[in-house]
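Peer 1: First, the structure itself, so that you have it in front of you.
Protein chains in written order, with the numbering used here: chain A, 1399 to 1799; chain B, 11 to 259.
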């Protein structure tokens, strides 16, 4: 009986090809949207996790300025060279430490200029941030330590200042300091927080301190923790040490913060995950609307085909057979819609992720889920019209004009 | 076919719609028998109750009073599904408006009753072709109803009613939508099917001149049979237990 209903349903769908297509369009778009949005969201989550993973999960970032300060600008007191030394020598579990000082400055080469972020640091910084040099060379530890006017530039900075010319060996002027480009960093793309990590100029810390800033202040400090140690424990020790060195009373809030990359990673992943869930839910609503569209058309269909139903009942069709026929029709329509929707969703998410530079992180279970859901919608929203058809009185149905 | 009960048997059947002041007596104590192999015409003005009687004969409706037996079975006691199965296996319908499925070929239309009987596809096709041949439409098997004339459509409908070899072919105004030449064509076809295949036919009509084609005319007026027509040679009374106490008409 199912087979017969299936044959009849397919015949009816083919007979009204255009209407059938329009009927299933709601499901097509709904399923397509669910798959595309979830896949894109999943790609974003994967990317964020991968980016942060590159930084290493055992990274701490210490920045001056508290998270919730109310006492004003002066509180964001910079760190000193001695703070770095104290952390390095007193805190157990600190592997490497990279002090930085950053400022925005204008870089000029020839007749071109580009406003970018200048970071003075040590060679450790390149390692903990995962920067690779792909043209020229990486400055040695000694070059960084000496504070010579040399720099490595990010891919964006290289493109904006030099275009197709070779930057290595060129002399770039940053504010009043002229420095030699000895390397170009490999492109890293956007960070998990949406910053362009290639729009940078890296210089020795002392060069920036002396020649650009004119002081010995240290901004953010990057600290990698020995992998056998708990980052939380090390973070607490650094916190305690710095509070002590900065003479903060036990009742006061810190005027600096120590952030754990792992926590940031988790926060970001859960944020993008929640966003993916939200987008999927919104798309799910459109799937529901598609189901209501099917119900609507099937109700019209039943009214239009009242005489046909009368003929079938007179000829000896059971009410259950008429019910099954219309139910199968709705389910076949919505499952076709589901298949087309999956195709649409795959194509859309493939192009969207590749144009956004995200990984194509397809979850097979979302395909199964949305296909199953579209079939379920066919059953749910097909039942009411089918029930209406099956309950018709054959005498009245035959009289229907 | 040798059976000893009538195809159709009404025993003081009445059908009342509504209740109280709005009560309508569509049938009022009708007694009626149609025997195997008969070709009867049921005549009467509109509102005479003949259509109600036809619906009961076709097991589409049940009486509110009295007993209606189809092949000896008390139909009033059956569930809707059981009546559907009776129709499926024993009744063929021909309607005034042809009532073919649109955009469906003649062959597929004729196959439909067999599909509900779960006849395998190949046998279905063969039997449907044979039925179309019996009504002279073997060359129109692949045409949709819209590509056929009214007379041809009605012949497809007759083929559809025939294909399941019913005990009773029920025709409701089969010539109502046709011109007089086509009328005669259809009537002659029905007469031929009755004589050569021995199919019992009950036909509702309000056209008195069609009485010439049939073996008996039953006339209805105001919900009663006012003339049961000339009875066929008497048969022994039915011995089926289900229809035991009964007075022969």
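Virtual Cβ for every residue (Gly too), placed ideally from N, Cα, C.
(1) Just to confirm before moving on: does the CB-CB distance between residue 1494 (chain A) and residue 1622 (chain A) stay below 7 Å?
(2) Express the C-alpha separation of residue 1503 (chain A) and residue 1385 (chain A) in angstroms, rounding to a whole number.
(3) What residues are listed by DSSP as bridge partners for residue 1575 (chain A)?
(4) Using a Cβ-Cβ cutoff of less than 6 Å, which residues in the same chain neighbour residue 108 (chain B) once the five nearest sequence positions on both sides are dropped?
(5) Across which residues does DSSP place residue 179 (chain B) in a beta bridge pair?
(6) Thinking just about the alpha-carbon of each residue, which of A:1626, A:1582, A:1480 and A:1558 is nearest to the one in residue 1511 (chain A)?
(7) Let me know the secondary structure DSSP gives residue 31 (chain B) once reduced to three states.
(8) Going by alpha carbons, who is nearest to residue 1551 (chain A) out of A:1618, A:1582, A:1521 and A:1542?
(9) If we ignore side chains and look at the alpha-carbon of each, how far apart do residue 1626 (chain A) and residue 1578 (chain A) end up?
(10) Compare the C-beta of residue 20 (chain B) with all C-beta atoms of chain A and state if any pair is closer than 7 Å.
(11) Using the beta-carbon count (16 or more within 10 Å), is residue 1574 (chain A) buried or exposed?
(12) Take residue 1553 (chain A) and list the residues in its own chain whose beta-carbon comes closer than 6 Å to its own, dropping the five residues that flank it on each side.
(13) In three-state DSSP terms, what is residue 1481 (chain A)?
(14) At the level of alpha carbons, what is the spacing between residue 119 (chain B) and residue 1412 (chain A)?
(15) Going along the region 124-144 of chain B in order, which residues come within less than 7 Å of chain A, judged by CB to CB distance?
(16) Using C-beta distances below 7 Å, list every residue in its chain close to residue 1434 (chain A), excluding the 5 sequence neighbours before and after it, in chain order.
(17) Terminal residues of the continuous alpha helix (DSSP H) containing residue 1550 (chain A)?
(18) Just to confirm before moving on: does the CB-CB distance between residue 23 (chain B) and residue 40 (chain B) stay below 7 Å?
(19) Report all residues from its chain with a CB closer than 7 Å to the CB of residue 1445 (chain A); omit the five preceding and five following residues, and keep chain order.
(20) Per DSSP, residue 1538 (chain A) forms a beta bridge with which residues?
(21) Could you have a look at residue 61 (chain B) and say whether DSSP puts it in helix, strand or coil?
(22) May I ask which residues mark the beginning and end of the alpha helix (DSSP H) holding residue 1660 (chain A)?
(23) Expressed to the nearest angstrom, what Euclidean distance is found between the alpha-carbon atoms of residue 1633 (chain A) and residue 1523 (chain A)?
(24) Between residue 264 (chain B) and chain A, is the shortest Cβ-Cβ distance under 7 Å, so that the two count as touching?
(25) Exposed or buried, which one is residue 254 (chain B) when buried takes at least 16 other CB atoms within 10 Å?
(26) Return the bridge partner residues of residue 49 (chain B) from the DSSP annotation.
(27) Output, in chain order, the set of chain B residues within a Cβ distance shorter than 7 Å of residue 1413 (chain A).
(28) At a CB distance below 8 Å, what residues from the region 58-75 of chain B approach chain A? Give them in sequence order.
(29) Quick one: grab the DSSP three-state call for residue 1783 (chain A).
(30) Enumerate in chain order the residues of its own chain whose CB-to-CB distance from residue 1470 (chain A) is below 7 Å, with the five nearest sequence positions on each side excluded.
(31) Is there at least one Cβ from chain B nearer than 7 Å to residue 1706 (chain A)'s Cβ?
(32) Please list the partners that residue 1719 (chain A) has in chain B, where partner means a Cβ-to-Cβ separation under 9 Å.
(33) How long is the line joining the alpha carbons of residue 1619 (chain A) and residue 1529 (chain A), rounded to whole angstroms?
(34) Classify residue 91 (chain B) as helix, strand or coil using the three-state DSSP reduction.
(35) Starting from the beta carbon of residue 91 (chain B), find every residue of chain A whose beta carbon is closer than 9 Å, and list them in chain order.
Peer 2: Result, derived from the coordinates:
(1) Taking the first chain and counting its residues from 1, the one referred to as residue 1494 (chain A) is at position 96. Taking the first chain and counting its residues from 1, the one referred to as residue 1622 (chain A) is at position 224. Yes, these two residues count as a Cβ contact at 7 Å.
(2) What is shown of chain A runs 1399 to 1799, which leaves residue 1385 (chain A) out entirely.
(3) Within the first chain, the letter at position 177 stands for residue 1575 (chain A). Beta-bridge pairing links residue 1575 (chain A) to A:1572.
(4) Position 98 of the second chain holds residue 108 (chain B). So the qualifying residues of the chain are 163, 164 and 167.
(5) The residue labelled residue 179 (chain B) in the question sits at position 169 within the second chain. Answer is B:102 and B:211.
(6) Position 113 of the first chain holds residue 1511 (chain A). Nearest of A:1626, A:1582, A:1480 and A:1558 to residue 1511 (chain A), Cα basis: A:1558.
(7) By one-based count along the second chain, residue 31 (chain B) stands at place 21. Residue 31 (chain B): helix per DSSP, three-state reduction.
(8) For this step, residue 1551 (chain A) is matched to residue 153 along the first chain. Of the candidates A:1618, A:1582, A:1521 and A:1542, the one whose C-alpha sits nearest the C-alpha of residue 1551 (chain A) is A:1582.
(9) Here residue 1626 (chain A) corresponds to residue number 228 of the first chain, with the count starting at 1. Here residue 1578 (chain A) corresponds to residue number 180 of the first chain, with the count starting at 1. Spanning the two alpha carbons is a distance of roughly 39 Å.
(10) Position 10 of the second chain holds residue 20 (chain B). No - not a single Cβ of chain A is within 7 Å of the one on residue 20 (chain B).
(11) As a first step, residue 1574 (chain A) is located in the first chain; it is residue number 176 there, counting from the start. With fewer than 16 other Cβ atoms within 10 Å, it is exposed.
(12) Residue 1553 (chain A) sits at position 155 when you count from the first residue of the first chain. 1585 and 1596.
(13) Locating residue 1481 (chain A) in the first chain gives position 83, counting from the first residue. Note: residue 1481 (chain A) maps to helix in three-state DSSP.
(14) Counted from its first residue, the second chain places residue 119 (chain B) at position 109. Counted from its first residue, the first chain places residue 1412 (chain A) at position 14. Near 17 Å, if we compare the C-alpha coordinates of residue 1412 (chain A) and residue 119 (chain B).
(15) 125 and 126
(16) Stepping through the first chain from its first residue, residue 1434 (chain A) is reached at position 36. Result list for residue 1434 (chain A): 1743, 1746, 1747 and 1750, in chain order.
(17) In the first chain, the residue the question calls residue 1550 (chain A) occupies position 152. Per DSSP, residue 1550 (chain A) belongs to no alpha helix (DSSP H); it is in the beta strand (DSSP E), 1548-1551.
(18) Position 13 of the second chain holds residue 23 (chain B). Position 30 of the second chain holds residue 40 (chain B). In this structure, residue 40 (chain B) lies closer than 7 Å to residue 23 (chain B) by Cβ.
(19) Residue 1445 (chain A) sits at position 47 when you count from the first residue of the first chain. Counting only Cβ-Cβ distances below 7 Å, and skipping sequence neighbours, we find 1756 and 1757.
(20) Mapped onto the first chain, residue 1538 (chain A) falls at position 140. BP columns for residue 1538 (chain A) are empty, so no partner.
(21) Taking the second chain and counting its residues from 1, one reaches residue 61 (chain B) at position 51. In the structure shown, residue 61 (chain B) sits in a helix (DSSP, three-state: H, G or I).
(22) Your numbering for residue 1660 (chain A) matches position 262 in the first chain. Start and end: 1659-1702.
(23) Residue mapping note: residue 1633 (chain A) aligns to position 235 of the first chain, counting from 1. Residue mapping note: residue 1523 (chain A) aligns to position 125 of the first chain, counting from 1. If you take the alpha carbons of residue 1633 (chain A) and residue 1523 (chain A), they lie about 18 Å apart.
(24) Look at the range of chain B in this structure, 11 to 259, and you will see that residue 264 (chain B) is not part of it.
(25) What you label residue 254 (chain B) is simply residue 244 of the second chain in a count that begins at 1. In this prediction, residue 254 (chain B) scores a pLDDT of 38, lower than 50, which makes its location untrustworthy; the coordinate-derived value is nonetheless stated afterwards. Exposed is the call here.
(26) Counting from 1 along the second chain, the entry for residue 49 (chain B) is found at position 39. In DSSP, residue 49 (chain B) forms a bridge with B:211.
(27) Locating residue 1413 (chain A) in the first chain gives position 15, where the first residue counts as 1. In chain order: 113.
(28) 65, 68, 70 and 71
(29) Position 385 of the first chain, counted from the first residue, corresponds to residue 1783 (chain A). Three-state result, residue 1783 (chain A): helix.
(30) Within the first chain, numbered from 1, the residue matching residue 1470 (chain A) stands at position 72. Residue confidence for residue 1470 (chain A) is low, a pLDDT of 47 falling below 50, so the modelled location carries little weight; the figure read from the coordinates is stated next. No residues qualify anywhere along the chain.
(31) The residue you call residue 1706 (chain A) lines up with position 308 of the first chain. Closer than 7 Å to some Cβ of chain B, the Cβ of residue 1706 (chain A) qualifies, so yes.
(32) Walking along the first chain from the start, residue 1719 (chain A) turns up at place 321. Going along chain B in sequence order, the residues near residue 1719 (chain A) (Cβ under 9 Å) are 94 and 126.
(33) Looking up residue 1619 (chain A) in the first chain gives position 221. Looking up residue 1529 (chain A) in the first chain gives position 131. Cα-Cα distance, rounded: 16 Å.
(34) By one-based count along the second chain, residue 91 (chain B) stands at place 81. Of the three classes helix, strand and coil, the one that applies to residue 91 (chain B) here is helix, per DSSP.
(35) On the second chain, residue 91 (chain B) is found 81 positions in, with the first residue counted as 1. The answer, in chain order, is 1716, 1717 and 1718.
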